[in-house]
Structure formats: structure tokens, C-alpha cells
Amino acid sequence: MKRVSNNIKFYTFIEILKSYSDENVSLSIKEIQHHMRKRLGVDVDRRTIYAYIRDMKALGIDVSDYDKSKEGYYINSNCFEASEVRLLADAKCVCDWG
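Position one of the sequence shown corresponds to residue 131 (our numbering), numbered consecutively onward.
Here it is, written out as C-alpha cells:
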């Protein structure tokens, strides 16, 4: 399995949520893992995805909480430009949000 930087994984995670989910369509952990594998050729552990969601919330990004009726996650407002997503990924890489 090839190595991909955490920065690129986090950026790709945000892009996947932006591209494939909204308030009507949420993504399960397994679906997110599938998209990460398809785009990057890497497996991402579910705990890493949970950490990405916590990090996004710490940055003030409105990510849905897991909802059993929708069974997944989505960004509540799709308001990011590509440059903003890159900035968030850089910030996540530099800072440790616990």
C-alpha cells in the first residue's frame, strides 16, 4: 500500500464530503473509506475518519453528527472554495486538535 501524507488524506476527506453528500444524502464510514481507497489507493481507519470529523468541527466547519436515520455524515453548508479546503488541510497538519 502506498504512503500518502495526512494532509492529502484530510483534504481528500473534505472533498469527498463536499462532492458526494449533502443534507439529503449522507455518507457512512464504509462509503467514505471506499471513496478514499478509490481516490488515493489507501485504506483509512474509521478512527481516523472520526478524528477528521472532530478536527473539522474544531475548525468551525458545520459537519453533521451521525444520524441513525440518515446513517452517515455530511457538511451542512457547502461553502468552501478549493483554496479554503487546502488551507484547512494545512492547518490540520500543523496543529494538533487533540
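Don't be surprised by glycine CBs; every beta carbon is placed ideally from N, CA and C.
Three-state secondary structure (DSSP) of residue i
{"i": "V215", "result": "helix"}
{"i": "Y196", "result": "coil"}
{"i": "D185", "result": "helix"}
{"i": "I191", "result": "coil"}
{"i": "Y180", "result": "helix"}
Outcome for residue i when other beta-carbon atoms lying within 10 angstroms are tallied against a minimum of 16
{"i": "G228", "result": "Per-residue confidence for G228 stands at a pLDDT of 48, beneath the threshold of 50, marking its modelled position as unreliable; the derived number appears in the next sentence. By the neighbour-count rule (16 or more Cβ atoms within 10 Å), G228 is not buried but exposed."}
{"i": "Y196", "result": "exposed"}
{"i": "A188", "result": "exposed"}
{"i": "H164", "result": "exposed"}
Limits of the unbroken alpha helix (DSSP H) element including residue i
{"i": "N137", "result": "136-150"}
{"i": "R167", "result": "159-170"}
Expected contact under 8 Å - CB spacing of residue i and residue j to nearest Å
{"i": "S158", "j": "Y204", "result": "Between Y204 and S158 the Cβ distance is about 11 Å, and since that is not below 8 Å, they are no contact."}
{"i": "Y141", "j": "V215", "result": "6 Å"}
{"i": "E161", "j": "N206", "result": "Not quite, the Cβ-Cβ distance comes to about 18 Å (not below 8 Å), so this is no contact."}
{"i": "G202", "j": "S156", "result": "3 Å"}
{"i": "R167", "j": "D173", "result": "6 Å"}
{"i": "D185", "j": "K222", "result": "5 Å"}
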